[in-house]
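Let me begin by presenting the structure, written as structure tokens, before commenting on it.
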Amino acid sequence: MEPEAALLTDLYQLTMTEAYLAEGQWDEAVFSLFVRGLPTRRNYLLAAGLEDALHTLEQLRFRAEDLEWLASQGRFSDRLLGWLERFKFSGDLDAMPEGTPVFGQEPLLEVRAPLPEAQLVETYLLNHVHLQTLAASKASRVVTAAAGRPVMEFGLRRIHGTDAGLKVARASYLAGVESTSNVLAGMRYGIPLSGTMAHSYVQSHDDELEAFRAFTRVYPDATLLVDTYDTLRGVQHVIRLARELGEDFRVRALRLDSGDLLALSLAARELLDEAGLERVRLIGSGGLDEDSVAKLLARGAPLDGFGVGTAMGVSADAPSLDMAYKLVEYAGKGRVKLSAGKALLPGAKQVYRQDEDGVARRDLLVRRGDVASGRPLLRPVMRAGQRLPDASPSLEEVRQHARRELSRLPAEVRALEPARPPYSVVVGDGLARARAHEVEVWAAEP
965 MEPEAALLTD LYQLTMTEAY LAEGQWDEAV FSLFVRGLPT RRNYLLAAGL EDALHTLEQL
1025 RFRAEDLEWL ASQGRFSDRL LGWLERFKFS GDLDAMPEGT PVFGQEPLLE VRAPLPEAQL
1085 VETYLLNHVH LQTLAASKAS RVVTAAAGRP VMEFGLRRIH GTDAGLKVAR ASYLAGVEST
1145 SNVLAGMRYG IPLSGTMAHS YVQSHDDELE AFRAFTRVYP DATLLVDTYD TLRGVQHVIR
1205 LARELGEDFR VRALRLDSGD LLALSLAARE LLDEAGLERV RLIGSGGLDE DSVAKLLARG
1265 APLDGFGVGT AMGVSADAPS LDMAYKLVEY AGKGRVKLSA GKALLPGAKQ VYRQDEDGVA
1325 RRDLLVRRGD VASGRPLLRP VMRAGQRLPD ASPSLEEVRQ HARRELSRLP AEVRALEPAR
1385 PPYSVVVGDG LARARAHEVE VWAAEP
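Its first residue numbered 965, the sequence shown is counted upward by one per residue in the working numbering.
If you want it as structure tokens, here you go:
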């Protein structure tokens, strides 16, 4: 967590905390972080961002300069500033492991802590979990569309900010993307790097063939970009280069980045095969998303992999989730919200995934502590402000978990088109009764 990040929060977190302290509202609270409903054409979401959420809860501190600046604003009491000076998160966190498919109304995580603490961390948690869950969910769809062919993440230059570029690369890899062009993400997270060349490299030479000769002298096993001027002529230049180099020719792939990728990939494949270059792969890129990838493959495009950037990096078709962090229990009492379209289920919860013959068929949402059949998805990851020993699997382990859990979803839920009917999330009887009770209590108030 960056030193100044304690102030990277919403003003009302501080004003509410000020009010809680003034009223003496110190009792234990439970907040649930969940998505109210899935975006159009999303059959599931893929939980991500927990690692950064845990790191923030562990590291969150207010520096002297933060407190001095807050004091200069003239709106906060010495009581609040003193509390912030001593702040260290002391609560508990239960969460779905990263890479777990999740559905509407299901908590991705729940926080249990004294009310001022649980309130203060809302913005940090939402920011981490929202972005990475959004990105992982989109990337998972692109990986599905690629049908086993590698997907390379190329989105850094157009993702909304440098920090987001790092987090999207991590979330995409978690979801099954094979590599990233983001060098810092490669160093920080151990994600394999991949990349080719830009058109500017070719343009900087007097002719395309000479550009290919020069680049392969430095990187003999390169992937060459062949569409700067004319794609098929670029392929012919590569074939000529192969004849010149003979057994020293080691180019691995050609990247097609524009035009009719179906027609061009078919023609390029034919040219390469006729020249005895069957081992040279074809990579498609240029404004791709899951729909265009799926369409290309359905029509027989002989593409061996895909470079996907902007559409995946910003989740262009669904750039946000209706994600919320809401109080569901305070001082041992369930809390509800009855706002239109934003109703809330009270109390701490657990989600049980119920399988039949190895396939997930439904989820059961129950009160925490209720016994039900199935696999409980929310697990303890932090107690008394300390991360538990098994709360942070490696990124490779998270990636394998995501692969296993996605494979257990019904085929229609993994598909790109909306599942009919959608995956079933059932509210348990005890939880339904608890909500009805809290609604009755609220209605009886004068």
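Beta carbons: idealized from backbone N, C-alpha and C, even for Gly. Predicted, not measured: the structure shown is a model, and the values here were computed from it.
Buried or exposed (CB count within 10 angstroms, at least 16 for buried), residue i
{"i": "A929", "result": "Given that the chain is displayed from residue 965 to residue 1410, the structure contains no residue 929 and the question cannot be resolved."}
{"i": "R1397", "result": "exposed"}
{"i": "A1103", "result": "buried"}
{"i": "Y976", "result": "exposed"}
{"i": "M1151", "result": "exposed"}
{"i": "L1018", "result": "buried"}
{"i": "R1339", "result": "exposed"}
{"i": "T1126", "result": "exposed"}
{"i": "V1147", "result": "exposed"}
{"i": "P1184", "result": "exposed"}
{"i": "G1119", "result": "buried"}
{"i": "R1219", "result": "buried"}
{"i": "A1400", "result": "exposed"}
{"i": "T979", "result": "exposed"}
{"i": "P1283", "result": "exposed"}
{"i": "D974", "result": "exposed"}
{"i": "G1001", "result": "exposed"}
{"i": "E1404", "result": "exposed"}
{"i": "H1124", "result": "exposed"}
{"i": "E1208", "result": "exposed"}
{"i": "P1156", "result": "exposed"}
{"i": "L1285", "result": "buried"}
{"i": "P1065", "result": "buried"}
Where residue i sits in the DSSP three-state scheme
{"i": "F1179", "result": "helix"}
{"i": "M1287", "result": "strand"}
{"i": "G1338", "result": "coil"}
{"i": "P1184", "result": "coil"}
{"i": "Q1083", "result": "helix"}
{"i": "A1383", "result": "coil"}
{"i": "D1030", "result": "helix"}
{"i": "S1411", "result": "Nothing about residue 1411 can be read from this structure; the chain reaches only from 965 to 1410."}
{"i": "D1127", "result": "helix"}
{"i": "R1152", "result": "helix"}
{"i": "A1135", "result": "helix"}
{"i": "Q1200", "result": "helix"}
{"i": "R1317", "result": "strand"}
{"i": "D1327", "result": "strand"}
{"i": "K1297", "result": "strand"}
{"i": "V1190", "result": "coil"}
{"i": "V1106", "result": "helix"}
{"i": "V1093", "result": "helix"}
{"i": "V1278", "result": "coil"}
Residues bridged to residue i [DSSP beta-bridge criterion]
{"i": "Q1350", "result": "R1347"}
{"i": "T1144", "result": "E1117 and L1157"}
{"i": "E1074", "result": "S996 and D1058"}
{"i": "E1172", "result": "DSSP output for E1172 lists no bridge partner at all."}
{"i": "G1271", "result": "M1116"}
{"i": "P1003", "result": "For P1003, which the question treats as bridged, DSSP gives no partner whatsoever."}
{"i": "P1266", "result": "In DSSP, P1266 forms no bridge with anything."}
{"i": "P1065", "result": "L1010"}
Chain B contact for residue i (CB, 8 Å cutoff)
{"i": "G1038", "result": "Here there is only one protein chain, and chain B is not present."}
Touching by the beta-carbon criterion (3+ pairs, under 8 Å), the region 1070 to 1077 and the region 1110 to 1120: No, the region 1070 to 1077 does not touch the region 1110 to 1120.
Unbroken stretches of the alpha helix (DSSP H), 4 residues or longer, contained in the region 1206 to 1260: 1225 to 1238
Touch test, the region 1369 to 1389 against the region 1074 to 1092, Cβ-Cβ under 8 Å, three pairs minimum: No: fewer than three Cβ pairs fall under 8 Å.
Cβ contact check for the region 1022 to 1029 and the region 1315 to 1330: 3 or more pairs under 8 Å: When C-beta atoms of the region 1022 to 1029 are compared with those of the region 1315 to 1330, fewer than three pairs fall below 8 Å, so the two segments do not count as touching.
Contact between the region 1124 to 1132 and the region 993 to 1007 (3+ Cβ pairs under 8 Å): no
Three CB pairs or more closer than 8 Å across the region 988 to 997 and the region 1039 to 1050: no
Stretch pair the region 1342 to 1360 + the region 1285 to 1304: three plus CB contacts closer than 8 Å: Contact annotation: the region 1342 to 1360 does not touch the region 1285 to 1304, with fewer than three C-beta pairs closer than 8 Å.
Contact between the region 1169 to 1183 and the region 1298 to 1317 (3+ Cβ pairs under 8 Å): No: the two stretches stay apart, fewer than three of their Cβ pairs being nearer than 8 Å.
The region 1253 to 1260 contacting the region 1199 to 1219, beta-carbon criterion three pairs below 8 Å: no
Segment contact flag, the region 1217 to 1233 with the region 1187 to 1204, C-beta cutoff 8 Å, min 3 pairs: yes
Cβ contact (3+ pairs, closer than 8 Å) linking the region 1232 to 1243 and the region 1268 to 1287: no
contact_flag[the region 1031 to 1038, the region 1367 to 1378] where n(CB pairs < 8 Å) is 3 or more: no
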